[in-house]
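Colleague:
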Amino acid sequence: MEYSDILHNLKKGIYHPIYLLQGEEAYFIDELSDYIEDNVLTDAEKGFNQTIFYGKDSDPVTIVEASLRFPMMASKQVIIVKEAQSLSKIETLTSYAEKPLASTILVLAYKYKTLDSRTKLAKAIKKNGVLFTSKKLYENKIPGWIDGFLRTHNYTITPQAALLLTSYLGTDLSKIANELNKLVIAVKDTTKITPEHIEKNIGLSKEFNILELQNALGEKNVLKANRIINYFGANPTLNPIQKTVAGLYFYFSKLFTYHFLKDKSERNVAAELRVHPFFVKEYVSAAKRYSPTKLYEIMGILREYDMKSKGFNVSTMVETGELQKEMIYKILH
1 MEYSDILHNL KKGIYHPIYL LQGEEAYFID ELSDYIEDNV LTDAEKGFNQ
51 TIFYGKDSDP VTIVEASLRF PMMASKQVII VKEAQSLSKI ETLTSYAEKP
101 LASTILVLAY KYKTLDSRTK LAKAIKKNGV LFTSKKLYEN KIPGWIDGFL
151 RTHNYTITPQ AALLLTSYLG TDLSKIANEL NKLVIAVKDT TKITPEHIEK
201 NIGLSKEFNI LELQNALGEK NVLKANRIIN YFGANPTLNP IQKTVAGLYF
251 YFSKLFTYHF LKDKSERNVA AELRVHPFFV KEYVSAAKRY SPTKLYEIMG
301 ILREYDMKSK GFNVSTMVET GELQKEMIYK ILH
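Going by full-length UniProt numbering, the final residue of the sequence shown carries number 333, and the count climbs one at a time with no gaps.
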């Protein structure tokens, strides 16, 4: 089952006797586990009927014994095993998973790992309950996720602002959700989030960031690119060279890919480059300014400065700000 389907069923009061919430993306696991913990039972029922275990401090026998109890003055009892990936001999739960008690909701929050789907335990949970694998989102999916998250709070966000947040926060959904919750609380004058709101409330400059640097390089705007890279050098903590190199590598690799697309329609370009359709024209325009040969050279430059930033092939300690300036100069010339 998908995350949205599970959450929809929970909100409708459709429960299963056992849930295995596993995988690399902890955010979805926490959201489902927290919803069950907070909403299945009333506050009065929780005292006798809700038990929280932690994997490293528990054992399967104790968890099974608790799961086999009947609820007191309630129709259900909830057993949640947090950090279940640390539970020793988890396969011991197989016999219970094969015949779970209908009045118990057992939740196994198994983060950053997955059970082998061929095991008896995984098969039993899939047959009698819910087996959900939480996967990391690729970076190109994050702006859409941000938009969806804000819509549930009756807000929208411009494509530029969503991309700006993605470039700054990466793919950590818990971190992104935390910042978005702050924005929802702070922004009262409108329901549409813009780069200006991000600059004011999160502290990320809407003028001096990796996206604006990419745009400047795409336009071959030397003055703008130098202004941004000088700002990066003056603020190395917020703009480390490794982050700059990574951002530019993904950008120029997309331009390189564009040259070899047979179908250069807007829809196909957006799909192949994994970018929002709103930005396709910018990528097409930038690709026309850089030949495949130059782009291949640029990716070599980026690899070179990634190595230099880690101390390779530099005779003396050079400030990362100076390295970034050298790198941008070579890209533009």
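Backbone N, C-alpha and C define an ideal beta-carbon position, used for all residues, glycine too. Note that the structure is predicted; figures quoted are calculated from it, not measured.
1. Strictly by DSSP, which residues pair up with Ile79?
2. What does the Cβ neighbour count give for Glu212, buried or exposed, with the cut at 16 atoms within 10 Å?
3. I need the DSSP call for Leu68, collapsed to helix, strand or coil.
4. Tell me whether Gly247 sits in a helix, a strand or coil according to DSSP, three-state version.
5. To the nearest angstrom, how far is it from the Cα of Ile105 to the Cα of Met307?
6. On the three-state DSSP scale, how would you describe Ser95?
7. For the beta strand (DSSP E) that Ser134 lies in, which residues bound it at each end?
8. Leaving out the 5 sequence neighbours to the left and right, which residues in its chain are closer than 6 Å to Glu98 when beta-carbon positions are compared?
9. If you compare alpha carbons, which of Glu304, Asn313, Gly311 and Phe312 is closest to Met327?
10. For Val78 and Asn49, which I take to be in contact (beta-carbon distance under 8 Å), what is that distance rounded to the nearest angstrom?
11. So what's Lys126 in DSSP terms, helix, strand or just coil?
12. Between Ile210 and Gln324, which are expected to be in contact by the criterion C-beta below 8 Å, what is the C-beta distance as a whole number of angstroms?
13. Between Asn9, Tyr19 and Glu25, which lies nearest to Lys175 when the distance is taken from Cα to Cα?
14. Hey, how far is the Cα of Thr171 from the Cα of Met72?
15. Specify the secondary structure class of Thr156 as computed by DSSP and reduced to three states.
16. Per the DSSP calculation, Tyr19 is bridged to which residue(s)?
17. Please confirm if the stretch 152-170 is in contact with the stretch 272-281, defined as three or more CB-CB distances below 8 Å between the two stretches.
18. In the DSSP output, what is Ile6 paired with across the bridge?
19. From Tyr112 to Lys224, what distance separates their C-alpha atoms?
20. Taking just the CA atoms, how far does Glu139 sit from Arg274?
21. Within a Cβ cutoff of 7 Å, which residues of the same chain sit near Asn204, ignoring the five residues on either side of it in sequence?
22. Using alpha carbons as the reference points, say which of Tyr283, Pro195, Leu121 and Ile14 lies closest to Ile90.
23. On a Cα-Cα basis, can you pick out the residue from Tyr329, Glu322, Thr158 and Gly129 that is closest to Met1?
24. Am I right that Ser134 and Gly23 are in contact with their C-beta atoms under 8 Å? What's the rounded C-beta distance?
25. Where does Ile193 fall in DSSP's three states?
26. Residues in its own chain within less than 6 Å of Ala84 by CB, not counting five upstream and five downstream?
Modeller: On the basis of the supplied data:
1. Thr51 and Leu106.
2. That one is buried.
3. Note: Leu68 maps to coil in three-state DSSP.
4. The three-state reading of DSSP puts Gly247 in helix, counting H, G and I together.
5. Those two C-alpha atoms are separated by around 51 Å.
6. Ser95 falls in the helix class under three-state DSSP.
7. Counting along the chain, Ser134 sits inside the beta strand (DSSP E) bounded by residues Val130 to Ser134.
8. Correct list, in chain order: Ala124.
9. Taking only the C-alpha atoms, the option nearest Met327 is Glu304.
10. Taking a contact as a CB-CB distance under 8 Å, the pair Val78 and Asn49 counts as one, their CB atoms being some 7 Å apart.
11. Helix.
12. Distance from Ile210 to Gln324 at the Cβ level is roughly 11 Å; contact not present, criterion being Cβ atoms closer than 8 Å.
13. Comparing Cα-Cα distances from Lys175 to each of Asn9, Tyr19 and Glu25, the minimum goes to Glu25.
14. The straight-line gap separating the alpha-carbon atoms of Thr171 and Met72 is approximately 42 Å.
15. Note: Thr156 maps to strand in three-state DSSP.
16. Checking the DSSP bridge columns, you'll see Tyr19 partnered with Val107 and Val130.
17. With three or more CB-CB distances shorter than 8 Å, the stretch 152-170 counts as touching the stretch 272-281.
18. Per DSSP, none; premise fails for Ile6.
19. One alpha carbon belongs to Tyr112, the other to Lys224, and they sit about 42 Å apart.
20. Approximately 9 Å between the Cα atoms of the pair.
21. The amino acid occupying residue 204 in the given sequence is Leu; Asn does not appear at that position. So the qualifying residues of the chain are Leu164, Tyr168 and Ile198.
22. Nearest option by C-alpha distance: Leu121.
23. For the set Tyr329, Glu322, Thr158 and Gly129, the Cα lying nearest the Cα of Met1 is the one of Gly129.
24. Ser134 to Gly23, Cβ: 3 Å. Contact.
25. In this structure, Ile193 counts as strand in the three-state DSSP scheme.
26. Residues of the same chain with a CB within less than 6 Å of the CB of Ala84, apart from the 5 flanking positions on each side, are Gly55, Leu108, Ala109 and Tyr110 in chain order.
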